[in-house]
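These notes concern the structure reproduced below.
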Amino acid sequence: MKTLKTYAILYLVFLYAPIFLLPLFAFNTSTIIAFPLTGFTTEWFTALLDITEMHSALFNSLKIAVTSAVLATIFGIFGAMASTRYHFPGQKGIMGFIMLPLVLPEIIVAVSLLVVILKLGLSTGSWSVIAGHTLICTPFAIAILNSAFAALDPSLEEAAYDLGETRASTFRRVTLPLVMPGIVSALLISFTISMDEFIIAFFLTGADPTLPVYLFSMLRFPKLLPAVMALGTILVVLSILLITIAEIFRRRGAKRAGLKDTGGFL
Amino acid sequence: MTIKAKPERKPLISLQNIQKHYGEYHALRGINLEIGEGEFFSLLGPSGCGKTTLLRTIAGFEDIDSGSVMLAGKDMMGVPANKRPTNMVFQSYAIFPHLTVAENVAFGLRKSPLSKAEKAEAAEAALNMVGLSGYGNRAAHALSGGQRQRVALARALVLKPKVLLLDEPLSALDRKMREQMQVELIKLQREVGITFILVTHDQEEALVMSDRIAVMFEGEIAQCDDPEVLYRRPKTSAWRILLA
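Line order of the protein sequences matches chains A and B.
Each residue of the first sequence is one higher than the one before, counting from 0 in numbering that gives the first Met the number 0.
Each residue of the second sequence is one higher than the one before, counting from 0 in numbering that gives the first Met the number 0.
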C-alpha cells in the first residue's frame with residue numbers, strides 16, 4: 000500500500016512539477032533557466048507586449064482553434080446523431096473510418112494533407128491548418144457527443160414531435176438544450192487540441208505560424224526564453240480558468256436536466 | 000371482416016387491413032377495426048403481439064406497408080405525427096427534464112393563436128384536471144413517477160386531441176399508485192369525453208378500465224368485445240393468450 004502511495008505521488012510530481020517551474024522562471028530576473036533564482040521581476044511579461052510577431056502567432060492560433068472547434072463540433076453533432084439515431088448499411092465501417100484519425104499518427108495526416116494540397120496546386124495557410132485540425136478534432140467531438148446523444152431518451156424527441164413540433168424545432172427546443180453540456184465539452188476539448196497541436200500546424204502553416212510553431216522557432220534565441228516562460232504561465236492560468244468555467248457550466252446543465260453526474264470529461 | 004364500433008357510438012377511427020413488416024417479421028397481419036367517439040378502448044396482449052406497433056401506427060410514428068387509417072373521416076395516409084389530432088402518453092412519460100412543469104404542459108401550445116396569459120391559464124386548468132394545481136413552477140426532473148404521469152396526461156390533454164393514446168402508462172408505477180391511477184384515468188376520460196386508446200399487457204387493468212377490449216396475438220386481433228363478454232364468454236384463443 001505504501002509503495003503504491005509513493006508511486007502515485009511521484010507520478011503526479013513528475014507530471015505537474017514542470018508546469019510549476021514555468022511561473023517560477025517567468026518571474027526570475029536571470030535570462031538563464033537555472034537554479035538558484037536570482038530575484039523577482041515582471042520584466043518578461045512587459046517584454047511580451049513588445050514582441051509583435053508573438054501576438055500575431057497567438058491571434059492566428061486563436062482564430063484557427065476557434066474555427067476548428069466550431070467545425071469539429073458541428074460535424075461531431077452530425078456524426079453522433081448518425082451513429083446513435085439511425086441504422087443504415089455499412090454504419091459500423093463508416094463510423095470506424097470517421098473515428099480513425101483518433102489513432103492515426105499525426106505525422107501521416109500532416110504529410111498526406113501537405114502532398115494533396117501541393118499536388119492540387121494550392122498554397123498552405125491558416126485554412127489548411129484548420130482543415131487538418133478539424134479532421135483530428137472531429138473524432139473527439141463525436142466520442143463526447145455520442146455519449147450525450149445515447150443518454151437522451153428517444154421518446155423525448157417523439158413526444159415533442161407528437162406535440163406538434165417539426166423535426167427542426169424538436170431539435171432546437173428539446174435535443175439541443177439536453178445535449179448542450181456535451182456540446183460545450185466538445186467545443187472545449189477541440190479548442191484545446193487545436194491550440195497546442197504542433198505537427199500538423201508545422202507542416203501546413205503558411206506564412207503565419209501558429210503559437211506552438213512560433214515558440215519552437217524562438218527556442219534558437221536564448222534571450223527570448225524567459226518571455227516564452229511568461230507566455231506559458233499566462234496560457235496555463237487561462238486554460239485552468241477555461242476548464243473550470245466549462246466544468247461549472249456542465250455540472251449546472253446536468254443538474255438542471257436531472258441527469259446523473261457521471262464525472263464529466265475531467 | 001371489420002370489427003365495427005358499437006351502434007350507439009359514432010365511429011372515430013377506422014383501420015382497414017393494416018399490414019406491417021419489420022424486415023422478415025410480420026408485426027401486423029391485417030388489422031380491421033373501428034373505434035368509436037368517446038370510447039375507452041384497450042389493446043391487450045403479451046409483449047411482441049403488435050399492440051404498441053398498432054398504437055404507434057395510429058399516432059403516425061410507424062409507416063405501414065398497406066391498409067388505411069381513417070381518423071374523423073380523414074385519411075391519415077401521409078399525415079405525419081405532428082399533424083394528427085392524436086396525442087400520446089409515453090411509457091417513460093417523456094417529460095422534458097430541462098423545463099418546468101408548466102412549460103412542459105404548455106409545450107404543444109407554442110403555435111396556438113392563444114395569448115400568453117390564455118396559454119398559462121389553459122396549462123393551469125390542465126394541471127388542475129390531473130390534480131396537480133400549484134405545481135406549475137416546479138422543476139420537472141424533481142417529480143415522482145405518479146406526478147410525471149399526471150404531467151404527461153396534462154401535456155397531451157391541453158391540446159384537446161380527438162384521441163389520447165396511452166402506451167402502457169401504468170407499468171412503471173407501484174401497485175398502490177397503479178390502482179389509484181386506474182380510477183383517476185377512468186374519471187378523467189368521462190370528464191373530457193375524449194377517445195382513449197390504452198395499450199396494456201395487464202388483463203385486470205384492461206377489464207377494469209375499458210369500454211371495449213381487443214385481445215391481440217401475433218399481429219392479429221384474437222377477440223374484441225366488452226369486458227363482461229370477454230370475461231364470461233371468451234373465445235378459447237383469446238383466453239389462452241391471457242392466461243399465458
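C-beta atoms are modelled at their ideal positions from N, C-alpha and C, and glycine is treated no differently.
Three-state secondary structure (DSSP) of LEU265(A)
Bear in mind that the predicted position of LEU265(A) carries a pLDDT of just 44, short of 50, making it unreliable; the figure below should be weighed with that in mind. Correct three-state label for LEU265(A): coil.
message: Check this for me: beta carbons of GLY44(B) and LEU27(B), under 7 angstroms apart or not?
response: No, these two residues do not count as a Cβ contact at 7 angstroms.
* Roughly how many angstroms lie between the CA atoms of GLY130(B) and VAL150(B), to the nearest whole one? -> Within the model, the alpha-carbon separation for GLY130(B) versus VAL150(B) is close to 10 angstroms.
Check your understanding: Name the DSSP bridge partner or partners of ALA138(B)?
Key -> According to DSSP, ALA138(B) bridges with THR99(B).
Q. How should VAL157(B) be labelled, buried or exposed, when 16 other C-beta atoms within 10 angstroms of its C-beta is the threshold for buried?
A. Buried: at least 16 other Cβ atoms inside 10 Å.
Item to complete: Tell me whether the beta-carbon of ALA56(A) lies closer than 7 angstroms to the beta-carbon of ALA229(A).
Response: Contact flag unset, no.
**OP:** Please work out which residues of its chain come closer than 8 angstroms, Cβ to Cβ, to PHE106(B), disregarding the five sequence neighbours upstream and downstream, and give them in chain order.
**Re:** So the list reads PHE95, LEU98, ARG154, once near-sequence residues are dropped.
How about LYS19(B): is its C-beta nearer than 7 angstroms to some C-beta of chain A?
LYS19(B) is outside the set of residues whose beta carbon lies under 7 angstroms from a beta carbon in chain A.
Closer than 7 angstroms, CB to CB, is ALA158(A) near chain B or not? Nearest CB-CB separation between ALA158(A) and chain B: below the 7 angstroms threshold.
* Asked: With respect to the alpha helix (DSSP H) encompassing HIS54(A), which residues constitute its N-terminal and C-terminal limits?
  -> 51 to 84 is the extent of the alpha helix (DSSP H) around HIS54(A).
message = To be precise: take each residue of the segment 93 to 111 of chain B, compare its Cβ to all Cβ atoms of chain A, and keep it if any distance is under 8 angstroms. Which residues remain?
response = Taking 8 angstroms as the Cβ-Cβ cut-off against chain A, the residues of the segment 93 to 111 of chain B that qualify are ALA93, PHE95, PRO96, HIS97, PHE106, GLY107, ARG109, LYS110.
Practice task
Would you mind sorting TYR35(B) into buried or exposed? The rule is 16 or more other CB atoms within 10 Å of its CB.
Solution key: Here the sequence assigns Gly to residue 35(B), which means Tyr is not the residue at that position. Its Cβ being crowded by 16 or more others within 10 Å, GLY35(B) is buried.
Is GLY75(A) near ALA159(A), with beta carbons less than 7 angstroms apart? No, the pair does not count as a contact, with Cβ atoms beyond the cut-off.
* **Proximal residues of chain B, C-beta to C-beta of GLY266(A) below 7 angstroms** => Outside the displayed span of chain A (0 to 265) sits residue 266(A), for which this structure offers no information.
Secondary structure of SER41(B), DSSP reduced to three states:
Three-state DSSP puts SER41(B) in a strand.
LYS19(B) lies in the beta strand (DSSP E); which residues open and close that run? LYS19(B) -> beta strand (DSSP E) spans 10 to 21.
**Request:** At 3 residues or longer, and completely inside the segment 205 to 249 of chain A: list those beta strand (DSSP E) runs for me, N to C.
**Result:** Listed in chain order, nothing qualifies, since the segment 205 to 249 of chain A has no complete beta strand (DSSP E) run of 3 or more residues.
Give the DSSP bridge partners of PHE195(B), in chain order. PHE195(B) is bridged to PHE39(B), LEU163(B).
Using a Cβ-Cβ cut-off of 8 angstroms (strictly less than) and excluding sequence neighbours within five positions of PRO8(B), which residues of its own chain qualify? It is worth fixing the name first, because residue 8(B) is Arg in this sequence and not Pro. Sequence-distant Cβ neighbours of ARG8(B) in its own chain, meaning closer than 8 angstroms and more than five residues away, are GLY35, GLU36, GLY37, GLU38.
Query raised in the report: At a Cβ threshold of 7 angstroms, is GLY181(A) touching chain B?
Result: By this cut-off, GLY181(A) is not an interface position.
Would you mind telling me which residues of chain B sit closer than 7 angstroms to GLY163(A), beta carbon to beta carbon, in chain order? Within chain B, the residues ASN81, GLY107, LYS110 have their CB atoms less than 7 angstroms from the CB of GLY163(A), given in chain order.
So what's THR85(B) in DSSP terms, helix, strand or just coil?
Under the three-state reduction of DSSP, THR85(B) is assigned to strand.
If we count the other Cβ atoms within 10 Å of its Cβ and call it buried at 16 or more, is THR52(B) buried or exposed? When all chains shown are included, THR52(B) counts as buried.
Subject >> Complete beta strand (DSSP E) runs within the segment 123 to 205 of chain A (minimum length 3 residues, chain order) >> reply: Fully enclosed beta strand (DSSP E) runs of 3 or longer: not present.
Exercise for review: Would you please state the rounded distance, in angstroms, between the beta carbons of SER189(A) and THR72(A)? I believe it to be under 8 angstroms.
Suggested key: About 6 angstroms separates the two Cβ atoms, so the contact holds.
- Item | For GLY218(B) and HIS20(B), the rounded distance between their alpha carbons | Rounded to whole angstroms, HIS20(B) to GLY218(B) spans 10 angstroms at the Cα level.
Q) Taking the alpha-carbon positions, what's the PRO180(A) to ASP152(A) distance? A) PRO180(A) and ASP152(A) have their C-alpha atoms spaced approximately 16 angstroms apart.
Review point. How long is the line joining the alpha carbons of ALA221(B) and THR199(B), rounded to whole angstroms?
Key: Put simply, the backbone Cα of ALA221(B) is about 15 angstroms away from that of THR199(B).
Q | Residues sharing a beta bridge with PHE216(B), DSSP | A | Answer is GLU219(B), bridged to PHE216(B).
Outcome for VAL212(A) when other beta-carbon atoms lying within 10 angstroms are tallied against a minimum of 16: Under the 10 Å beta carbon count, VAL212(A) is surrounded by 16 or more other beta carbons and is classified as buried.
Between the segment 160 to 173 of chain B and the segment 126 to 141 of chain B, can you find at least three pairs of beta-carbon atoms closer than 8 angstroms? With the rule of 3 Cβ pairs closer than 8 angstroms, the segment 126 to 141 of chain B does not count as touching the segment 160 to 173 of chain B.
Taking CB distances under 7 angstroms as the criterion, tell me whether ALA26(B) reaches chain A.
Not closer than 7 angstroms to any Cβ of chain A, the Cβ of ALA26(B) fails to qualify, so no.
Would DSSP call VAL228(B) helix, strand or coil? Looking at VAL228(B) - three-state DSSP - the assignment turns out to be helix.
- By the criterion of Cβ-Cβ separation under 9 angstroms, what are the contact partners of LEU131(B) in chain A? Here the premise fails: no neighbours, minimum Cβ distance about 18 angstroms.
Q.
Given this structure, state the Cα-to-Cα distance separating SER67(B) from LEU14(B), to the nearest angstrom.
A. SER67(B) and LEU14(B) have their C-alpha atoms roughly 6 angstroms apart.
Helix, strand or coil at ILE63(B) according to DSSP, with G and I counted as helix: Looking at ILE63(B) - three-state DSSP - the assignment turns out to be coil, as it is neither helix nor strand.
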